[in-house]
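A.B. asks:
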Amino acid sequence: MVWDELVRAVGLDHSTGRAYLLGATLVLALTVVGSAILRFLCMVHGFWVNTKRLRCFQGPPPRNWLMGHLGLICSSEEGLTMVNGIVERYVHCCLTWFGPIYPIVRLFHPDYIKCVLLASAPVALKDELFYGFLRPWLGEGLLISSGERWSRHRRLLTPAFHFNILKPYVKTFSTSTNVLHEKWRRLLTEGATSLEMFEHVSLMTLDSLLKCTFSFESNCQQESSEYIAAIYELSSLVVARERCLPHHFNAIYWLSANGRRFRRACGLVHAYSLGVVQRRREALPGADMPAWHQAKRGKVLDFLDILLLSKDEEGNGLTDEEIQSEADTFMFEGHDTTASAISWALYNLARHPEYQEKCREEIAQLLKENGSEDLEWDHLSQMPFTTMCIKESLRLHPAVTTVARSCTEDIRLPDGRIIPKGNICLISIYGTHHNPTVWPEPEVYNPDRFSPENSETRSSHAFVPFSTGPRNCIGQNFAMAELKVAVALTLHRFRLKLEPTAVVRRKPELILRTERGIWLQLEPLGARASAEREPEPSVE
């Protein structure tokens, strides 16, 4: 045996060698066990110290010691009602538990969210617990990445959202909105009495995004495709995984049916976006931005063009895989969020026909003065009341209700309390927008909140639909432009009314949706001024 040969080689007898072996084995075992026990005790001590430091934060009573607050704040109308109650009671912040060992500090006051959102990017990282499920899909894109990679990508992507780049996109938004309106007219002619906004508007925003990202004429508002179906499937699977605690563990999730579906959909989306990137790169070897723009003969530069041509300070560009991750991230972030914002804006204006009519008059006057039925970039700053209505809708129904940050350093709050490093902060955009100490009667839709005189006296962090600080939404100007175009053209061409039999129940997921959609009645408007029609009764 090998052992016997080894014993003879070192000049030991059999019994002495066995004793040495047993002793060495025992020492090794004790070392491993002792190390594990020491590590466990360090974790317990760290948990105890952290819990002790968090005692200054109050919070609602948990369900039990094991679940913590899981299941109390649900993704439902009742869950949002509970958030309202928590905000009214605790005003600034509170402590909740994600299971027995994950404390989460929730912030819902402008002065408090400001401390985290304005912290430098390395101090307040995107939290892996909430954003990690997106990593297999979005890779190291701007939404998830951190450190030097995030800083470099942010610098390279910022030019893609410069006003000069965004201006031509208004025509793209208008074209996609025109397709949507033609479809609505056809459905109404065929006998539809009401239409569901989320379904139609999300296809319209996806259509615009595919054109602005890849210059891809998808015709997705009329026809289905595997790529588009995969994007929808990935979004729903991420939400489903977040709700299922066992699926938080990769070993379990990737063996599940949903895990296999996620892999297939990811593979399809990645193959498409990477293929487009590689084909486009082959078309511009060695070209710089002016040369490529000239080669396109005045055509609109899309998001992919700009990523391919971007160079850092050392003259290095992004790899194909990095560009693919950023393109996938842009498709994810810019699709459903804008669709949610547009749908809720139309819903709120349908609820308040007096505001709807005032917006319509403003838009009609603007188009009349310009002698055109088409909107241009400069028009978007000339519809102040419509913009106020859109902002109030974003306050009342923010597309993204929360953002999460992981603190790598202690963060001091205005009252002197400290969020210890290593903890998760949940910035409640919804809670901040519904905080009665900031917004009197927060459940009332009142566009005058955003008049210049009212906005001047309010905290700059009272209204944060696109977050704020170093990790704010890089595409917020893109989103606001699309919002204004879609809402303005819709109000110019249709009168919106609530569907009397439809009950709207909010459902916060990755974005703020509803349980059964938003159903509205649409009345096409002709060339005659809408003022000739009888005014609709006010709906509260």
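Residue numbers (the working numbering): 650 to 1189.
For glycine and all other residues, C-beta sits at the position ideal for the given N, C-alpha and C.
Predicted model only: the values in this text are computed from it and were never measured.
1) On a CA-only basis, which of Glu-882, Leu-671, Gln-1170 is nearest Trp-786? Give me that one, please.
2) Around the Cβ of Leu-1171, are there at least 16 other Cβ atoms within 10 angstroms (buried) or fewer (exposed)?
3) Just list the alpha helix (DSSP H) runs in the stretch 705–792, keeping only unbroken ones of 4 residues or longer that don't cross its boundaries, in chain order.
4) Determine, using beta carbons only, whether Thr-1050 and Lys-1070 come nearer to each other than 8 Å.
5) Could you spell out the range, first to last residue, of the alpha helix (DSSP H) harbouring Ala-889?
6) Consult DSSP for Leu-1171 and reduce its assignment to one of helix, strand or coil.
7) On the DSSP letters alone, give me the boundaries of the beta strand (DSSP E) that Ser-1055 sits inside.
8) What are the partner residues of Arg-1162, as DSSP defines its beta bridges?
9) Can the beta-carbon of His-718 be found closer than 8 Å to that of Thr-745?
10) Following the continuous alpha helix (DSSP H) through Lys-1133, name the residue where it begins and the one where it ends.
11) Which residues mark the beginning and the end of the beta strand (DSSP E) in which Leu-1075 is found?
12) Look at the alpha carbon of Leu-1024 and the alpha carbon of Ser-992, and state the distance between them as a whole number of angstroms.
13) With a Cβ-Cβ cutoff of 8 Å, do Tyr-1094 and Leu-1045 count as a contact?
14) Could you round the C-beta distance between Thr-854 and Thr-987 to whole angstroms and report it? I think they count as a contact, below 8 Å.
15) Buried or exposed: which applies to Ser-823, given that a residue is buried once 16 or more other Cβ atoms fall within 10 Å of its Cβ?
16) Figure out for me which residue from Pro-1002, Leu-844, Leu-1043, Met-1032 has the closest Cα to the Cα of Leu-1016.
17) Could you tell me the boundaries of the alpha helix (DSSP H) in which Asp-856 lies?
18) Could you tell me whether the Cβ atoms of Leu-894 and Gly-1118 are closer together than 8 Å?
19) Quick one: what's Lys-960 bridged to in DSSP?
20) Rounded to the nearest angstrom, how far is the Cβ of Leu-845 from that of Arg-1155, given a contact under 8 Å?
21) Whole angstroms is fine: what's the gap from Leu-852's alpha carbon to His-802's?
22) Buried or exposed for Pro-749, going by 16 or more other Cβ atoms inside 10 Å?
23) Let's test the definition: count the other Cβ atoms within 10 Å of the Cβ of Glu-1105 and tell me whether it reaches 16, buried, or not, exposed.
24) Determine the closest residue to Leu-778 out of Leu-729, Glu-797, Phe-898, with distance taken between C-alpha atoms.
25) Drop a sphere of 10 angstroms on the beta-carbon of Arg-1182, count the other beta-carbons inside from all chains shown, and report buried for 16 or more, exposed for fewer.
26) Are the Cβ atoms of Val-1134 and Val-828 separated by less than 8 Å?
27) Okay, do the stretch 779–798 and the stretch 734–745 touch, 3+ Cβ pairs below 8 Å being the bar?
28) Where Phe-863 and Asp-951 are concerned, what is the direct C-alpha to C-alpha distance, given to the nearest angstrom?
29) Which residue wins for smallest C-alpha separation from Asp-1059, given the options Leu-933, Cys-1074, Arg-804?
30) So, do the stretch 859–878 and the stretch 966–985 have three or more beta carbon pairs nearer to each other than 8 Å?
31) Do Ser-884 and Ser-874 have their C-beta atoms within less than 8 Å of each other?
32) Can you look up Leu-1145 in the DSSP assignment and give me helix, strand or coil?
33) Within this structure, are the beta carbons of Val-765 and Leu-756 separated by less than 8 Å?
C.D. replies: Taking the geometry as given:
1) Glu-882
2) buried
3) 726–739, 759–766, 777–780, 784–787
4) no
5) 875–892
6) The three-state secondary structure of Leu-1171, taken from DSSP, is strand.
7) 1051–1056
8) For Arg-1162, the beta-bridge partners assigned by DSSP are Lys-1156.
9) yes
10) 1125–1142
11) Per DSSP, Leu-1075 is one residue of the beta strand (DSSP E) stretching across 1073–1077.
12) 20 Å
13) Taking 8 Å as the cut-off, the Cβ atoms of Tyr-1094 and Leu-1045 count as close.
14) 5 Å
15) buried
16) Met-1032
17) Asp-856: member of the alpha helix (DSSP H) spanning 846–863, first to last residue.
18) no
19) Answer is none; Lys-960 lacks a bridge partner.
20) Rather than Leu, the amino acid found at residue 845 in this sequence is Glu. Not quite, the Cβ-Cβ distance comes to about 15 Å (not below 8 Å), so this is no contact.
21) Our two residues, Leu-852 and His-802, have alpha carbons roughly 28 Å apart in a direct line.
22) exposed
23) Counting C-beta atoms within 10 angstroms of its own C-beta, Glu-1105 has fewer than 16 neighbours from the protein chains shown and is therefore classed as exposed.
24) Phe-898
25) With a pLDDT of 42 at Arg-1182, under the threshold of 50, the predicted position of this residue should be treated as unreliable, though the coordinate-derived value follows. It counts as exposed.
26) no
27) no
28) Rounded to the nearest angstrom, the two C-alpha atoms are 6 Å apart.
29) Out of Leu-933, Cys-1074, Arg-804, Cys-1074 has the C-alpha closest to the C-alpha of Asp-1059.
30) With a cut-off of 8 Å, the stretch 966–985 and the stretch 859–878 count as touching, because enough Cβ pairs lie within range.
31) Against a cut-off of 8 Å, the Cβ pair of Ser-874 and Ser-884 comes out as no contact.
32) strand
33) yes
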